Amino acid sequence: MKKSRLRFIAPIAVVTALALAGCSTSNLGGTADADPAAEAGPIKIGAVLDVTGVGASLGVPEQNTLTMLAKQLNADGGIDGRDVELTIVDNQSTEDGAAKATSKLIESDKVDLIIGASRTGPSLAMRPIAEAAKVPMISVAANIAIVEGSQWVFKTAQNDVVVIERILDDAKAKGYTKLALVRDATGFGEGVADYITKLGAERGITLVMTEAFEPSATDFTPQMTNVRGSDADAVIIWGINPSAGLAQKAYVQLGVNKPVYHSHGISNQAFFDAAGDAANGVIAPMGRLLVADQLAADNPQSTVIDQFKADYSKAYSEQPSGFAGHAFDAWHIAVNAIDAVGTDPEALRTELETAKWTGISGVFKMTAKNHSGLDASALILAEAEDGRWNLLKD
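Residue numbering for the sequence shown is -21 to -1, 1 to 373, as defined by mature numbering (1 follows the signal peptide of the UniProt record, and there is no 0).
Structural data, given as structure tokens:
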């Protein structure tokens, strides 16, 4: 054990896919009672991702990343001489699908650790199952509720709270005192209005209205008409693509004409594909991946980001998204922990609580009370212009 897993080699992509049918929630057990001889067999990592459905713009690059990294790792000798068997299940962007997939991975596949899901709602559906089975889980979604008070669940996407803090700090600096919120109606948007209200009050900022939309929405006329008629100084659109990009397009077409912020849920090319020229001028907090060419030479994340971009583009002929980065970090945090202590569930959980990792989404410092490990320093502010992001504040 204790070998370094930070080395990169050229990637080859493979995918392991399973159907969701036939899963149950009975007899959850994890690996605590497994035969000790299993330590000589493959290490089993499961992943539950939004590969199809409304979360596909997140889940597909995450799937790509994990399969690439699994191939790399096994070609490099696995972990302590043991291959890593990766099983990816498509939850079809549903909470029920995520719960069934988690049960199957634990009950039938006897995985040692689970990565996922891509979005908050499915991750929250997975959490109680992983907790009850005492199987470590690393979500790649954002809402802090995924890990609050958890013992067995961790996450790699920057917390929604710190994203809101970065937006509010910028709004305060620009003299905006009244904000409107247009948010995803799923788990990703839950609690956002409350956080804005609480954190905004500390900065002299008031939330004057909130509108909601389904992630499958294509028509945003009612929401944007109401926002246009409000007395808000600026607006926050909080969602994932393609709906967030379509909301931005409607925002411009309907002449809202107020400064606009988005969440880090738009950290991919799908935002520009959906919004087109309407994306210009949008400000969003996000990780450093999409502005890697604008970072200072001595930035501690530069080396790992540049290598990941090179590997991913070689494997898939496109650049990775911020969501691919969340999966990259989850994989390495998981593999480093397994490499250090093996697959005993309690030992693995304890190791994850002390994980340190300089990755794509930030510099992680996990603790027993902080199962995310990232603070506001993991985020930069970027502005959209002509199909790319320009660094505003690091």
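Don't be surprised by glycine CBs; every beta carbon is placed ideally from N, CA and C. As the structure is a prediction and not an experimental result, all values here were calculated from the model.
Which of helix, strand or coil does DSSP assign to residue i?
i, result
"residue 105", "helix"
"residue 343", "strand"
"residue 241", "strand"
"residue 182", "coil"
"residue 250", "helix"
"residue 355", "helix"
"residue 36", "helix"
"residue 301", "helix"
"residue 348", "coil"
"residue 199", "coil"
"residue 262", "strand"
"residue 274", "coil"
"residue 97", "coil"
"residue 192", "strand"
Cutting at 7 angstroms between CB atoms, please list the residues of its own chain near residue i, excluding the five before and the five after it.
i, result
"residue 37", "29, 97, 98, 219 and 302"
"residue 370", "270, 273, 359 and 361"
"residue 74", "100, 101 and 104"
"residue 223", "216, 241, 244, 245 and 250"
"residue 178", "143, 144 and 147"
Can you list, in chain order, the residues of its chain whose CB lies under 8 angstroms from that of residue i, leaving out five sequence neighbours each side?
i, result
"residue 358", "137, 141, 142, 145, 243, 264, 265, 266 and 341"
"residue 1", "Confidence is the limiting factor: at residue 1 the pLDDT is only 38, short of 50, which leaves the residue's position unreliable and the question unanswerable from this model."
"residue 165", "98, 99, 100, 193 and 194"
"residue -21", "Confidence is the limiting factor: at residue -21 the pLDDT is only 45, short of 50, which leaves the residue's position unreliable, though a coordinate-based value still follows. 59, 318, 319, 320 and 321."
"residue 337", "279, 280, 283 and 343"
Let me check understanding here. Comparing Cα to Cα, which of the options lies closest to residue i?
i, options, result
"residue 153", "212, 297 and 34", "212"
"residue 271", "373, 156, 334 and 177", "373"
"residue 130", "187, 106 and 256", "106"
"residue 85", "55, 75, 116 and 283", "116"
"residue 157", "60, 70 and 180", "180"
"residue 192", "185, 203, 182 and 183", "203"
"residue 122", "111, 113, 50 and 135", "135"
"residue 39", "326, 119 and 62", "119"
"residue 345", "316, 366 and 197", "316"
"residue 262", "227, 46, 239 and 337", "239"
"residue 200", "221, 228 and 182", "228"
"residue 385", "94, 312, 46 and 21", "A query on residue 385 cannot be resolved here, the shown segment of the chain reaching from -21 to 373 and no further."
Report yes or no: is there a C-beta of chain D within less than 8 angstroms of the C-beta of residue i?
i, result
"residue 357", "The question asks about chain D, but that chain is absent: this structure has only one protein chain."
If the criterion is Cβ atoms closer than 8 angstroms, does the pair residue i and residue j meet it?
i, j, result
"residue 225", "residue 207", "no"
"residue 92", "residue 175", "no"
"residue 320", "residue 332", "no"
"residue 160", "residue 215", "yes"
"residue 59", "residue 318", "yes"
"residue 307", "residue 52", "no"
"residue 132", "residue 305", "no"
"residue 87", "residue 34", "no"
"residue 363", "residue 260", "yes"
"residue 324", "residue 113", "yes"
So residue i is in the beta strand (DSSP E); what residue range does that whole segment cover?
i, result
"residue 27", "22 to 28"
"residue 157", "157 to 163"
"residue 133", "132 to 134"
"residue 321", "Unbroken run through residue 321: none, as it is neither H nor E."
Near residue i, which residues of its chain fall below 6 angstroms by C-beta distance, leaving aside the five closest residues on each side in sequence?
i, result
"residue 231", "257"
"residue 268", "284, 301, 304 and 339"
Hey, quick one: how far does the alpha helix (DSSP H) through residue i stretch, first residue to last?
i, result
"residue 65", "That residue, residue 65, is in no alpha helix (DSSP H); its beta strand (DSSP E) goes 63 to 69."
"residue 324", "324 to 331"
"residue 224", "222 to 232"
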